[in-house]
Structures are given as structure tokens and as C-alpha cells.
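Novice:
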Amino acid sequence: MRLLLKDMLRRKFRWPFAVFALSAMGYWWAAGWHHDSAGVMQRAFRASLVAAFLLGPLLIAFAPEPRAVWHMPISRRDHWRATWLLATVGPTLILGTGKLLGLLFTPGPGWLNFLSSVSLSAVYDFVYTGIACGGIIVLARSRHARPSTWLLLPRLVVIIPMALLVGGGMLWPYLFRNRLPIRWSDLAPLSGTTLAAGLTIAVATYFHTPQPPAPGSWTRAAPGSGSTTRRSPFDWMHGLTGLWRLLAREYLFSIGLGAFLVLTSGLLVFVAGTFMQSSEGDGGFLAMQHLLLFDPSLTVQRGQVFDLLIWLALFVTTLVSRFPEIIRHLRVLPVGALRLNLLLVLWPALMVLTIWMALLALHLAVLGTPVGSLRPGLFLALVGASAIARSVTLRWPRLSSWFFIFVISGGPMVRMVDDISAWWFVALGLAGIAAAAVLNHSTLTRSATYRTRTPKQAAMQPHWS
Amino acid sequence: MSGNAIEIRGLEKAFPAFALGPLDLTVPRGAIYGFVGPNGSGKTTTIDLIFGMGTKDAGSIDVLGLDHLKDEVAMKRQVAYVGPDLNFAPWGKVHKAVAFVRGFYPSWDQQYCERLMTALDVGANDPIVTLSFGARIKLALILALAWRPKVLVLDEPTVGLDAISKQVVFTELLAAVQDEDRTVLISSHGLSDVERFADHLGMIKDGRMLFEGATADVIARFRVVDLVATGTIPVAAHPGVVVQRRDGERWRVLVDLQRTSLERLKLLGVTLVADAPVTLEELFVALGRA
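And the structure:
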């Protein structure tokens, strides 16, 4: 177990840990500076919970484990416990250190006054990451479900809990931040009991023993299914072949996933708005989400993270195509490198165009009036941002695990929609597209681009199953 | 137009820890060319460079008289690739991958495709993620053979295949070459298969071609010789001699008859005990270790 922990530390503790520790320092330094502001302190608590979730359950428990680890004499229970320690105690300690260091440099009334808050925040971090580990256990169990008839179901039982766990894990702290006691003395009987229950669940997850993963054969066609194709009634692409089939399939996939994410985000935004008692009706709600962006006068700058959630989902839509996964196959087919580069660069334009059309339809449906401006500058900027994000993940596949960074860096552009000149957006967009084209050209002519991805995937497996 | 299907001249590509070339490789039209070499010798790099997966530092690659970069698309319309790294999983089911690939090739033969699927036991409705490694290779082979390309480039196509599947694959390959004058470049570690089916051989080591030519010529070029020599006779330093084993004064060596002869060895003062033809595996091991 000691060796396993050491190995995991070496493999999984990377620069994100330092970044998040520094961010915790910053937040708690600010909290110490504004010692009389409960709002700043609540933000520091919230940021700590989000960082703990990202550093712990998300980064540690979801990272694939080399297959070789499973061939060593290590029990699944020990493996889970090592993972659990790194996913819960690890972030709590790292962030706790960051918080204390941040407070040390505070010129306020003395950092010792904040020890109660720091220790409570650390307990929250631990409980939150522990409960997230419980979510991982539940998710692993759902992966083992074996529905035999409806093939969509097994996908949904994986996707929905995954979305709730991953998406929700980062968002719940925003919902609860105003209700979290920030000192031990603030704990009421109900909040104290809830915290104790959470602590019990978090500690209990340590004693979990993972089951061996189920063989992935339950979707296999019956032996001797032969060469005759059984066409699904939902095969909308019947008759399409070659590149057109690829484009149609990726388009449907991206739009389908995007629609799911947008609807889920919309629901979360709605729930969050209601919960925080700032629900807006009809057009006001849409304006706050920047969804009526064709009428600048309607856009409301509120600054809530939820305002961006739908846009983040829309930005993801432009990036989820699976071209990188089949890049080697595409390269041996009669598709030139230039055409492939064009496909990679122009794909985001097609996706943003679809989003624009959907927003135009929404605008017309809600307001019933023609749009004020088509926002070509913002359109180009989003295309450029998506194109460069796609190029970077293709060039440096390891960064794909930091996919959300690209997403988070692209979405906020919408918030700046009225602050930045359209010409700046045009310039940014064109620069992004040009940079993406150059980077793609370099990537497509590198030998390394076509290696490692598949074997690496083959050699990995999620270790929480 | 050159009479060769693939002609590589002076190919060079440097990586931080490995350098390929200068490499010359000639695959005559209609040949089954076995491209062999130890792990990390540059086989896959060479094949990748043919398809533009990486940029060469120097040299030229012509396939069917077409420059592999200037005439990239025209070349790829006639050359098929099979390798273990191809990922078809995003397509979901086998027939969807087939529907995708067939659109690129006007010569696609659906009946032939279905015959191959039956022969190789790959079902049209099989979900690709559930296929075994060997079955995925079979799928790649089906997708490559079904449009009857003029040149087939196979990178480790028999990895993960059982003996029966291997037999079927090679039977199909032989039929393809005999029927239609197709060329096959096959990189493989299955030396016995290569020896059995390839009519031309090339062996690469540390990025350099050690030898290439018709299989019969290559096999005839080398002999395994048992000899007795005293310690003062410089057997190991003699050109064209690769020591396989030494036990005191008894030696087993591989002799390259293009560089030396058994008579010349006798002139050194050694006593020849026995000599025998070499198998490709013996050749591979001896030259690979040397």
C-alpha cells in the first residue's frame, strides 16, 4: 500500500495541484484581508470545495490506471484505499496548506482568528471529496448493470450519473455556498448533524472493496451474425458513405450531445436560479444567459457562473467531434493533409453556425422581432477559440484531460460580448483560426501524432470499476 | 514509370533517440514483400512515412510511380493500409465502418467484402468495441482488401490472429496477388509465415536495410556453418561472418556468401565440420543480435 501510494503520487500529482494550492492561497489571503466580509469567506469556502473535487475525485479517481498495475500482487481493496487517500486526504492537505500560507501573509487582525474557518473548510473538503468517492462507487455499480434488450439504456445508466457526478461536483458548492456555516460556532443542530452524517459517509467509502469489472460482452451480437446488415430504423445515414457519412455522423453526435448538455445545463441554471431566489422569467431569463445576444440591449451582465453554463455546453458542442480518435485511419484514406486540416479548422464554424441558427430561432420565438445584429465578430471569435482548442488537444493529447480548461476559457467570451469591440473579436477569431491551421499542419506531419493513442487506451482501464 | 510498386531511395528520418536511414527499399510489382526486423528497427516508421504520417528529412518515396506527398490522394486511392493502431471503435458497428470506408473507393466490391467477412468470421452487426484484438485486425484487412487495391501495406497484420485466421488471411493475400497482379508489403514478426508466403524479403536493423531481394536468393545467400578454429584464427573479424555460438575451438557462424565463401574460410585454417541452409528465423536472430 505504501509503495502503491508512492507510485500514485509520482504518476498523478502534477502541476494542477500547485495551481490549485496557489488559488486556495489567493482566496484565503483575500478572505483574511476582508476579514469582516462573510461573502469573501463564503467564496473562499466554495472555491476550496470545487478545487478539492477537481484535484481529488475527478483527477485521481477518474484517471485511467496502467494495466500493469493490475498484474501486480495488489488487492483491489488496497488499490481503492490508496486512491481514496489521494482523492480525499490529499486535496484536503494540499488546499489546507495553501489556505494557511495565504492567511500567514494577511495583514489583518491575525491569522489565528481564522483557524476555526480553515479547519471547518478542511472538514468540508474532506467530506465533499469522500461523498464524491461514494458517487464513484455508485457509478461503478451502474457500469456493471447488464440490461439485455435495450442498448440505449446501458449508455444512459453510465452517462447520466457521470454527468451528475462530474458536472454536479463542480456546481453544488455554488448552490450551497450561502448556506454553509463558516465557523464551528455557526453550526446549528441541523447543519451539525448533516456534517456528521456526511463525515460518516465519507469515512465509510474508505472501506469499499471494488468488484472486478464485468466482461464487456453483453452488447456483442449473437455468434454467427454473418455479413448481412440488420439495419436499425434509426439509421438516418443509410446510403451515405465516405467523408459525407463521417461529417453527418459527427454532426449528429455533436449536436445530440450538445443538446443534452444544454438542456441539462438549462435545468441546472433554472434550479440554481430558483434556489438562489433570483429566478427570471421568459425573456429576462434568456437575456441573463446571453441567449438573446443578437440584441445587445437585452443582454444583462450579472456575473453568475450559471449565466455561462449554457454557453459552456454550447462551446463543448464545437469540440466533441471524434476526429482525433480516428486520425490515423483518416490519414491512410485518400484524404489529403490539407483537406484534413481544413476539416479540423472549419468544423467549429459549422457547429457555431448551427448554434447561431438555433439562437436566431429562439430569438424569433421569444421576441417575435428581427435581430439587431448577427454578431459576426463574436461568431468568428468563437470559431477561432474552438479551432485553437481542438488543435491544441490534437497536438498535445495529454492536455485532453484538461479539456475543461479550454471549455472554461472559451465560454467567458460571451460575458465580454458588449465590452469588447467587434473588430477585436474579428481579429481574435481570425488569429485563432490561422494559429489552428498552422498548428494542425505541424501536428498532421508529426510521426508522434499517429502513435500511442490507441495502444495507450488499450493499456488503460478505469481502476474504480 | 518505374517497374516497381514501391521505391524508396535515401530515406532519412531522425528522432531524438533513433535515426532511420539512409534507407533504400524496392518492392517489385506483383510481389509479396516481407519487411522484417527487430522491434524498434524502423519498420513502422518507414510504413508511416509512406502514408505521410511524419515528415521525412531526406530521400524519396514513390508508390506506383507517384510521389507519396505530391500525389498523396492519387496514391492513397491505390494503396491500402492495415495496422494494429487503426481505431474503428467510434463507428459503433462493423457495417457502419464498412459504409464509411467504401465511399472513398469507387472499386469497392460489396460481394467480395461480404465473402471476406464470412471467411474471417466478422459479423456485420458486431459492435466494434466488443471485437477481440485479432478480430479488429481482420476488420482492417476486410476494409483494405474489399476495394481491391493495387498495393497493400500491412503492418503486423497477423498479430493476435489464431492459426486458422492466419491461414485464411494469407490465402486471401495470395489469391489477391495471383489473380490481379497486386503487390503486398507486409511487415511482420511471424517469420515462418513471411518465409512461406513472401517472395521477396527485406531486413532492417537500426534504421538500415541489412539485405533485400527474392526470398530464394536471400536464403541461398546465407549458410549456417559449424567449424573448428584455434584461438589465433580471426574468425569473428572475417567479413561476411556472424558468430552465432562459440564453445572453445568449436564455432557456429552465419556466412554471407555474397561477402565471402566457404573456400576463403578454409584458407584461414579452419576446419569445416558441417554447413546447412539457413531458415529466416535463424537469419533474423543472427543478424538481429549482431
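Listed in order, the protein sequences are those of chains A and B.
If you read the first sequence in the working numbering, its first letter stands for residue 1, the second for the next number, and so on.
If you read the second sequence in the working numbering, its first letter stands for residue 466, the second for the next number, and so on.
Every residue, glycine too, gets a C-beta built ideally from N, C-alpha and C.
Buried or exposed: where does A/Gly256 fall if 16 or more other Cβ atoms within 10 Å of its Cβ makes it buried?
Specialist: In the first sequence, the residue the question calls residue 256 of chain A occupies position 256. With fewer than 16 other Cβ atoms within 10 Å, it is exposed.
Novice: Just the C-alpha distance for A/Phe253 and B/Lys561, rounded to the nearest angstrom, thanks.
Specialist: Position 253 of the first sequence, counted from the start, is the residue given in the question as residue 253 of chain A. Position 96 of the second sequence, counted from the start, is the residue given in the question as residue 561 of chain B. Approximately 14 Å, taken between the alpha carbons.
Novice: Near B/Gly517, which residues of its chain fall below 7 Å by C-beta distance, leaving aside the five closest residues on each side in sequence?
Specialist: Numbered from 1 along the second sequence, position 52 holds the residue referred to as residue 517 of chain B. Correct list, in chain order: His533, Leu534, Glu537.
Novice: At a CB-CB cut-off below 8 Å, which residues of chain B make contact with A/Ala337?
Specialist: Within the first sequence, numbered from 1, the residue matching residue 337 of chain A stands at position 337. The contacting residues are Gly517, Glu537.
Novice: Distance cutoff 9 Å, beta carbons only. Does A/His71 sit that close to anything in chain B?
Specialist: As a first step, residue 71 of chain A is located in the first sequence; it is residue number 71 there, counting from the start. By this cut-off, A/His71 is not an interface position.
Novice: Strictly below 7 Å CB to CB, what residues from chain A border B/Thr520?
Specialist: In the second sequence, residue 520 of chain B corresponds to position 55, counting from 1. Neighbours of B/Thr520 on chain A, chain order: Thr445.
Novice: In this structure, does DSSP put B/Met518 in helix, strand or coil?
Specialist: Reading the second sequence from its first residue, position 53 is the one you call residue 518 of chain B. Here B/Met518 sits in coil by DSSP.
Novice: Based on Cα-Cα distance, which residue from B/Phe483, B/Ala611, B/His703 lies nearest to B/Glu579?
Specialist: The count along the second sequence starts at 1 and reaches residue 579 of chain B at position 114. Comparing Cα positions, the closest option is B/Ala611.
Novice: If you reduce the DSSP assignment to three classes, tell me which class B/Ala479 lands in.
Specialist: The count along the second sequence starts at 1 and reaches residue 479 of chain B at position 14. Of the three classes helix, strand and coil, the one that applies to B/Ala479 here is strand, per DSSP.
Novice: In the DSSP assignment, find the unbroken beta strand (DSSP E) run with A/Ile201 in it and report its ends.
Specialist: Translated into the one-based positions of the first sequence, residue 201 of chain A becomes position 201. Segment 189 to 204 is the alpha helix (DSSP H) holding A/Ile201; no beta strand (DSSP E) there.
Novice: What three-state label does DSSP hand B/Glu579 in the structure shown?
Specialist: The sequence position of residue 579 of chain B within the second sequence is 114, counting from 1. Looking at B/Glu579 - three-state DSSP - the assignment turns out to be helix.
Novice: Hey, how far is the Cα of B/Val634 from the Cα of B/Asp489?
Specialist: Taking the second sequence and counting its residues from 1, the one referred to as residue 634 of chain B is at position 169. Taking the second sequence and counting its residues from 1, the one referred to as residue 489 of chain B is at position 24. Approximately 28 Å between the Cα atoms of the pair.
Novice: For B/Val743, report the span of its beta strand (DSSP E) as first-last.
Specialist: For the purposes of this step, residue 743 of chain B is taken as the residue at position 278 of the second sequence. Careful: B/Val743 lies outside any beta strand (DSSP E) and carries neither H nor E.
Novice: Please list, in chain order, all residues of the same chain as B/Ile515 whose beta carbon is under 6 Å from its beta carbon, the five residues on each side excluded.
Specialist: Locating residue 515 of chain B in the second sequence gives position 50, counting from the first residue. Cβ within range, chain order: Ile526, His533.
Novice: Tell me, which residues are paired with B/Asn504 by DSSP?
Specialist: Against the second sequence, residue 504 of chain B aligns to sequence position 39. Partner(s): none; B/Asn504 has no beta bridge.
Novice: Within 10 Å of its beta-carbon, does A/Pro223 have 16 or more other beta-carbons around it, so buried, or fewer, so exposed?
Specialist: Start at 1 with the first residue of the first sequence, and residue 223 of chain A comes out as number 223. Note on A/Pro223: pLDDT 46, under 50, position unreliable in the model; no value is reported.
Novice: Under the three-state reduction of DSSP, which class applies to A/Trp356: helix, strand or coil?
Specialist: Taking the first sequence and counting its residues from 1, the one referred to as residue 356 of chain A is at position 356. Three-state DSSP puts A/Trp356 in a helix.
Novice: On the premise that A/Pro334 lies in contact with B/Arg567, defined as a C-beta separation below 8 Å, what is that separation, rounded to the nearest angstrom?
Specialist: Translated into positions along the second sequence, residue 567 of chain B becomes position 102. Translated into positions along the first sequence, residue 334 of chain A becomes position 334. So it is not a contact: roughly 12 Å between Cβ atoms.
Novice: Beta carbon of A/Leu86, beta carbon of A/Gly56: below 9 Å?
Specialist: Within the first sequence, the letter at position 86 stands for residue 86 of chain A. Within the first sequence, the letter at position 56 stands for residue 56 of chain A. Contact: yes.
Novice: Chain B beta carbons: is any one of them nearer than 9 Å to that of A/Ile326?
Specialist: Numbered from its first residue, the first sequence carries residue 326 of chain A at position 326. With 9 Å as the cut-off, A/Ile326 counts as an interface residue toward chain B.
Novice: Please name the residue, chosen from A/Ser391, A/Arg395, A/Leu430, A/Phe294, that lies closest to A/Thr369 on a Cα-to-Cα basis.
Specialist: For the purposes of this step, residue 369 of chain A is taken as the residue at position 369 of the first sequence. The candidate whose alpha carbon is nearest that of A/Thr369 is A/Phe294.
Novice: Step through the CB atoms of chain B and report whether any lies within less than 9 Å of the CB of A/Pro334.
Specialist: Here residue 334 of chain A is taken as the residue at index 334 of the first sequence, counted from 1. Closer than 9 Å to some Cβ of chain B, the Cβ of A/Pro334 qualifies, so yes.
Novice: Give the range of the beta strand (DSSP E) segment to which B/Glu537 is assigned.
Specialist: Sequence index remark: in the second sequence, residue 537 of chain B carries index 72 (1-based). B/Glu537 -> not in any beta strand (DSSP E); alpha helix (DSSP H) instead, spanning 537 to 541.
Novice: Go through the segment 642 to 712 of chain B residue by residue and report every complete run of the alpha helix (DSSP H) that reaches 4 residues or more, in order.
Specialist: For the segment 642 to 712 of chain B, whole alpha helix (DSSP H) runs of length 4 or above, ordered along the chain, are 656 to 662, 680 to 686.
Novice: Is A/Arg245 helix, strand or coil when you go by DSSP?
Specialist: Residue mapping note: residue 245 of chain A aligns to position 245 of the first sequence, counting from 1. Three-state DSSP puts A/Arg245 in a helix.
Novice: Less than 9 Å between the C-beta atoms of B/Ser630 and B/Lys603, yes or no?
Specialist: Taking the second sequence and counting its residues from 1, one reaches residue 630 of chain B at position 165. Taking the second sequence and counting its residues from 1, one reaches residue 603 of chain B at position 138. Cβ distance < 9 Å, so B/Ser630 and B/Lys603 count as in contact.
Novice: Within the 9 Å Cβ cut-off, does A/Tyr251 reach chain B?
Specialist: Residue numbering aside, residue 251 of chain A sits at position 251 when the first sequence is read from its first letter. Cβ-Cβ to chain B under 9 Å: no for A/Tyr251.
Novice: Distance check for B/Gly519 and B/Ser652, CA to CA, integer angstroms please.
Specialist: Against the second sequence, residue 652 of chain B aligns to sequence position 187. Against the second sequence, residue 519 of chain B aligns to sequence position 54. If I take the Cα positions, the gap works out to 18 Å.
Novice: Is there contact between the segment 45 to 53 of chain A and the segment 15 to 28 of chain A, where contact requires at least three CB pairs shorter than 8 Å?
Specialist: Yes: at least three Cβ pairs fall under 8 Å.
Novice: Since B/Tyr498 meets chain A, which of its residues come closer than 9 Å, beta carbon to beta carbon?
Specialist: In the second sequence, the residue the question calls residue 498 of chain B occupies position 33. Going along chain A, no residue has its Cβ under 9 Å from B/Tyr498, so there is no contact; the nearest lies around 18 Å.
Novice: Could you compute how far the alpha carbon of B/Gly530 sits from the alpha carbon of A/Arg446?
Specialist: Position 65 of the second sequence holds residue 530 of chain B. Position 446 of the first sequence holds residue 446 of chain A. Distance between the alpha carbons of B/Gly530 and A/Arg446 is about 25 Å.
Novice: Looking at the strands, I want to know which residues DSSP matches up with B/Thr491.
Specialist: Stepping through the second sequence from its first residue, residue 491 of chain B is reached at position 26. Its beta-bridge partners are B/Glu472.
Novice: Note down, in chain order, every chain B residue with its Cβ under 7 Å from the Cβ of A/Thr241.
Specialist: The count along the first sequence starts at 1 and reaches residue 241 of chain A at position 241. Here the neighbours are Ala564, Phe565, Arg567, Gly568.
Novice: Please decide whether A/Leu343 counts as near chain B, where near means a Cβ-Cβ distance under 9 Å.
Specialist: One-based indexing of the first sequence puts residue 343 of chain A at position 343. No, A/Leu343 does not count as interfacial toward chain B.
Novice: Rounded to whole angstroms, what is the Cα-Cα separation between A/Gly372 and A/Ala422?
Specialist: Counting from one through the first sequence, the residue named residue 372 of chain A turns up at place 372. Counting from one through the first sequence, the residue named residue 422 of chain A turns up at place 422. Each residue's Cα considered, the two are about 14 Å apart.
Novice: Just curious, the beta strand (DSSP E) that B/Ala545 is in, first and last residue?
Specialist: Taking the first residue of the second sequence as position 1, residue 545 of chain B is located at position 80. Note, B/Ala545: beta strand (DSSP E), 544 to 547.
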